[in-house]
Amino acid sequence: MTETTTQGTARERPEAPAGAGGRPRGAARTGPNKPLLGAVGIVAFLGMWEAVPHLGLVSERFLPPASTVLAALAQRATTPGLWIAVGDTLIGWGLGLAIAFVAAVLLGFAMGALPRVRAFTNSTVDFLRPIPSVALIPLAILLYGTDLRSTLLLVVYACFWLIYIQVLYGVADVDPVAEQTARSYGLGRLARIRYVVWPTTLPYLMTGVRLAAAVALILAITAQLIIGSPGIGQEIAVAQSSGAVSSVYALIVATGALGVLINIGVRVLERRVLRWHTSVRGEATA
Amino acid sequence: MSSQSTTLSTGPGATASVRRAGTKVLHLLLLPALLIGLYAYSSANSDSYYMPTPDLIAAAFVELWFSERFFVDVLPSLARLAVGFTLSAVLGVGLGVVLGLSTRVRALFEPVLEFLRAIPPPVLVPLMILLVGIDDSMKVLVIVSGCVWPILLNTVEGVRAVDPVLADTARCYGINGTTRLRVLVLRSASPQIMAGLRLALALAIILMVISEMFASSSGLGFAVVQFQRSFAIPEMWAGMVLLGMIGFALSVLFEFAEGRVLGWYRGLRAANRGE
Amino acid sequence: MSANSGTSAGADAANPGATTNHQGERPTMLKVTGLQKIYNGGANAVEAVRDLTFDLGEGKLVCLVGPSGCGKTTLLKCIAGLMPPTSGTVELAGQSVTAPPPGMAVVFQEYGRSLFAWMSVRANVELPLKEKKIPRGRRRELVDESLEAVGLTSFAHAYPWQLSGGMQQRVAIARAIAYEPQVLLMDEPFAAVDAQTRADLEDLIRQIWQRMGVTVLFVTHDIDEAVYLGERVLVLSSSPTVVQDDITVDLPTERDQLTTRQDERFTELRARVYAEIQQAKKSAGAAPTAAPSVAH
Numbered sequence: 011m012t013e014t015t016t017q018g019t020a021r022e023r024p025e026a027p028a029g030a031g032g033r034p035r036g037a038a039r040t041g042p043n044k045p046l047l048g049a050v051g052i053v054a055f056l057g058m059w060e061a062v063p064h065l066g067l068v069s070e071r072f073l074p075p076a077s078t079v080l081a082a083l084a085q086r087a088t089t090p091g092l093w094i095a096v097g098d099t100l101i102g103w104g105l106g107l108a109i110a111f112v113a114a115v116l117l118g119f120a121m122g123a124l125p126r127v128r129a130f131t132n133s134t135v136d137f138l139r140p141i142p143s144v145a146l147i148p149l150a151i152l153l154y155g156t157d158l159r160s161t162l163l164l165v166v167y168a169c170f171w172l173i174y175i176q177v178l179y180g181v182a183d184v185d186p187v188a189e190q191t192a193r194s195y196g197l198g199r200l201a202r203i204r205y206v207v208w209p210t211t212l213p214y215l216m217t218g219v220r221l222a223a224a225v226a227l228i229l230a231i232t233a234q235l236i237i238g239s240p241g242i243g244q245e246i247a248v249a250q251s252s253g254a255v256s257s258v259y260a261l262i263v264a265t266g267a268l269g270v271l272i273n274i275g276v277r278v279l280e281r282r283v284l285r286w287h288t289s290v291r292g293e294a295t296a
Numbered sequence: 243m244s245s246q247s248t249t250l251s252t253g254p255g256a257t258a259s260v261r262r263a264g265t266k267v268l269h270l271l272l273l274p275a276l277l278i279g280l281y282a283y284s285s286a287n288s289d290s291y292y293m294p295t296p297d298l299i300a301a302a303f304v305e306l307w308f309s310e311r312f313f314v315d316v317l318p319s320l321a322r323l324a325v326g327f328t329l330s331a332v333l334g335v336g337l338g339v340v341l342g343l344s345t346r347v348r349a350l351f352e353p354v355l356e357f358l359r360a361i362p363p364p365v366l367v368p369l370m371i372l373l374v375g376i377d378d379s380m381k382v383l384v385i386v387s388g389c390v391w392p393i394l395l396n397t398v399e400g401v402r403a404v405d406p407v408l409a410d411t412a413r414c415y416g417i418n419g420t421t422r423l424r425v426l427v428l429r430s431a432s433p434q435i436m437a438g439l440r441l442a443l444a445l446a447i448i449l450m451v452i453s454e455m456f457a458s459s460s461g462l463g464f465a466v467v468q469f470q471r472s473f474a475i476p477e478m479w480a481g482m483v484l485l486g487m488i489g490f491a492l493s494v495l496f497e498f499a500e501g502r503v504l505g506w507y508r509g510l511r512a513a514n515r516g517e
Numbered sequence: 003m004s005a006n007s008g009t010s011a012g013a014d015a016a017n018p019g020a021t022t023n024h025q026g027e028r029p030t031m032l033k034v035t036g037l038q039k040i041y042n043g044g045a046n047a048v049e050a051v052r053d054l055t056f057d058l059g060e061g062k063l064v065c066l067v068g069p070s071g072c073g074k075t076t077l078l079k080c081i082a083g084l085m086p087p088t089s090g091t092v093e094l095a096g097q098s099v100t101a102p103p104p105g106m107a108v109v110f111q112e113y114g115r116s117l118f119a120w121m122s123v124r125a126n127v128e129l130p131l132k133e134k135k136i137p138r139g140r141r142r143e144l145v146d147e148s149l150e151a152v153g154l155t156s157f158a159h160a161y162p163w164q165l166s167g168g169m170q171q172r173v174a175i176a177r178a179i180a181y182e183p184q185v186l187l188m189d190e191p192f193a194a195v196d197a198q199t200r201a202d203l204e205d206l207i208r209q210i211w212q213r214m215g216v217t218v219l220f221v222t223h224d225i226d227e228a229v230y231l232g233e234r235v236l237v238l239s240s241s242p243t244v245v246q247d248d249i250t251v252d253l254p255t256e257r258d259q260l261t262t263r264q265d266e267r268f269t270e271l272r273a274r275v276y277a278e279i280q281q282a283k284k285s286a287g288a289a290p291t292a293a294p295s296v297a298h
């Protein structure tokens, strides 16, 4: 549960407070039973899901019990169809994210280095950024049909702004003292970017990537659902229109699992990349 | 002589301020003008059916949205957006405070929430159609089911981050119960809550459009897809432009609200930076 | 012992139930008995405070001083009712303290973090009074008076973060005195301000104390400050903490940053406290007792 998104990471937060008398407080209280409680939560959730249709609170036609859905998922997992769909989804997600990342970083650093030029772009950025990328769906259909490029158009448009804005924040956050120190030691422009600007920007960049990774999945699935490009989204649309209710649920669970994996992956990446950074070192694993 | 010197001294000052204002206008308008010009030029010189000239789009825009369609398609969409967003905010902040204040409750719900929030909200559209049909409540539910998460998670983070010294101070001065919630918890979590709301707003617009595109007979998303299917290209563009304008307008509105709510926070950050 | 002729706390000689402390004359306002605090955690339990017993007469200004990491903050939190002690009791005016009592105000070291950043200076001072259900008119009076006492009348509508560190701590002090507490606890309140501001704030505290007759418990790690401010200095040992010595400061009531600090008696007292603390540190280093991880 670490979705902190106050512009540019949680850096400004006061240092992790030393507990009373300088000792870590409550370490023993929250320690061992946390995974246990979490497991209890999952079991309770599944139990309720199982019970509600059995008790007839909701018709099984609309909410198949957990066991049925998980069985359907297991059955689908043995066929290549599901894995091909997952692969297609991941390709759209990864490729779109990568393109947005490269473009946003290059442009972000260029604009950070050229504040005069940047002044001319602000109004345009402020206008384009809040445009919902789904507004591009009709255009994507017209231009690319159900091709992968449709998915990419949506994903790249949405992710680019998220990352680009974070890079701009990061470049603007460079500590003038650090910059001057680097200058006084005769570091050249490239060396300054490498040793001063880049490390400052990195936490912001990672925040942008974390947000963009989740949004990219949303839009990749959306494109498949609405436009019909191949992937899990399309499978869900097909299952829904053929009335295969437990399949719809099974596929939703599959996308949820995919989402969890992506979130965990990005968090691990963030931790690795920012190992040296206080916001990571100080952060409690929650 | 003296009067001359004063006019002389105001002269350059005035021109400087005029020049500064001019630069500002230039900053604001140059690139948009260039881009529109470029589009106009390329659309006029290309025979692509999909790229109507700006004047065609503008004409379609006026014709479409300055008619009763505005009340049939646009207003209901916006109303669903408002209801969905408000419900998400209430639900997200409420649950977030509960989870943020109690370590145990948080530990209990965390894995389940982690899973639920990882589900990309658009996949819930087919599900909601199954469960509640294709009426307004489906669309609102879709919006809520997607928007609740960023608000909830940010509220949890914000509530957890309440400064322990400040919390102790409040206890010492007998500030408890609802006052504590109002004066201490919600206010100190408000930067994170606002960040969550901002993410949620962007998501709400996306979900509003998707829910209407997937299965609907009215609404802005439905209209745009309808134009595309019937190859009413200028109208389709006009719909896209309107969507863009709604996104922009809502973000400006939000920015304004945020400025009111978080004025103190911006000042505080600036003060910390200065030191 | 000659110190309190200047206080306005009134010599209430007749207070039958009150116990008298070792200094005689005054009824006890704050009484700490056998206070012990062990941080839980089974095998690696840490005993921060072992056995503390002392009391404060009404209207006294007592300084607690000890080597760094001696559990001063723990002690203060127990006294303030913010943290339950493992054993022992704290009594405020005869009432046992189990939660933050209404008659106590605390000024923390971290001024920037103890003020509500989203409220003006005035609202910060006024908030506890609102919670105390004090009528509006009286509230305004109290806020005005206390802001004037700390010299911040013209900053009433500013936000705390617009002020300097010393001024922020003045806001916290104003909030404390507007609350009209019986006991004012101060946890190293001036540790984070610059030296000159610190001298001013020390004089401000003496002045407020003399005028209001409030009982003050002032925790500090600064020996000079303890001797300069207090009527009495309690020297704490290293953690696990006990009271190592109880020194009466027999300096004149009217103190002055320049002359008092040059006073021969001041130097003597200072040297004595210093020696005690050095000894406390040494015995901590030698003692093979628990507490493997006494924190910074």
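Chains as they are written, first to last, in the working numbering: chain A, 11 to 296; chain B, 243 to 517; chain C, 3 to 298. Using N, Cα and C, we set each Cβ at its ideal position, and we do this for glycine too. Since the structure is predicted, the reported quantities are computational estimates derived from the model, not experimental observations.
Per DSSP, residue i is paired with what?
i: T222(C); result: V67(C)
i: V185(C); result: M106(C), T217(C)
i: S98(C); result: E93(C)
i: K33(C); result: D57(C), E93(C)
i: R234(C); result: V64(C), T250(C)
i: T134(A); result: Beta-bridge pairing links T134(A) to no other residue.
i: I179(C); result: I179(C) pairs with nothing; no bridge assigned.
i: E49(C); result: I40(C)
Could you tell me how far apart the beta carbons of residue i and residue j are, in whole angstroms, since I believe they sit closer than 8 angstroms?
i: R52(C); j: P242(C); result: 4 angstroms
i: V237(C); j: F268(C); result: Rounded, the Cβ-Cβ distance is 16 angstroms, inconsistent with contact.
i: R234(C); j: I210(C); result: At roughly 18 angstroms, the Cβ-Cβ gap does not stay under 8 angstroms, so R234(C) and I210(C) are not in contact.
i: V181(A); j: T211(A); result: 6 angstroms
Do residue j and residue i come within 8 angstroms of each other at the CB atom, strictly closer than that value?
i: T222(C); j: V67(C); result: yes
i: A222(A); j: A120(A); result: no
i: V173(C); j: V123(C); result: yes
i: G218(A); j: L172(A); result: yes
i: I297(A); j: V365(B); result: The question about residue 297(A) has no answer here: the residues shown for chain A are numbered 11 through 296.
i: F469(B); j: E477(B); result: yes
i: S89(C); j: G36(C); result: yes
i: C80(C); j: L231(C); result: no
Can you check whether the C-beta of residue i is within less than 8 angstroms of a C-beta belonging to chain B?
i: L122(A); result: According to the sequence displayed, residue 122(A) carries Gly and not Leu. Not one chain B Cβ lies under 8 angstroms of G122(A).
i: P86(C); result: no
i: F170(A); result: no
i: I141(A); result: yes
i: L284(A); result: no
i: R115(C); result: yes
i: P102(C); result: yes
i: T78(A); result: no
i: A129(A); result: yes
i: L129(C); result: yes
i: A119(C); result: yes
i: V270(A); result: yes
Does residue i come within less than 8 angstroms of chain C when only Cβ atoms are used?
i: L408(B); result: yes
i: D405(B); result: yes
i: M243(B); result: Legend: pLDDT at M243(B) = 40, less than 50; position of this residue unreliable, value from coordinates given subsequently. Taking Cβ atoms only, chain C never reaches closer than 8 angstroms to M243(B), which makes this a no.
Does any residue of chain A bring its CB to less than 8 angstroms from the CB of residue i?
i: L323(B); result: no
i: P362(B); result: yes
Could you name the residues of the stretch 144-155 of chain A whose beta carbon sits closer than 8 angstroms to any beta carbon of chain B, in the order they occur along the chain?
Residues passing the 8 angstroms Cβ filter: V144, A145, L146, I147, P148, L149, I151, L152, L153.
Between the stretch 411-430 of chain B and chain C, which residues of the former have a C-beta closer than 9 angstroms to a C-beta of the latter?
Flagged, chain order: T411, A412, R413, C414, Y415, G416, I417, N418, T421, V425, L426, R429, S430.
Select from the stretch 494-515 of chain B all residues with a C-beta closer than 8 angstroms to any C-beta belonging to chain C, and list them in chain order.
Under the 8 angstroms Cβ criterion, the stretch 494-515 of chain B contributes W506, Y507, G509, L510, A513, N514.
Any residues in the stretch 209-237 of chain C with a beta carbon nearer than 8 angstroms to a beta carbon of chain B? Which ones, in chain order?
If the cut-off is 8 angstroms between Cβ atoms, the stretch 209-237 of chain C has nothing near chain B.
Of all the residues that make up the stretch 245-259 of chain A, which are near chain B by a beta-carbon distance shorter than 9 angstroms?
Residues passing the 9 angstroms Cβ filter: I246, A247, A249, Q250, S251, G253, V255, V258, Y259.
Mind checking the stretch 71-85 of chain C against chain B and listing, in chain order, the residues whose C-beta falls within less than 7 angstroms of any C-beta there?
Under the 7 angstroms Cβ criterion, the stretch 71-85 of chain C contributes A82, L84.
Taking Cβ-Cβ distances below 8 angstroms as the criterion, which residues of the stretch 285-302 of chain B are in contact with chain A?
Cβ contacts with chain A come from Y292.
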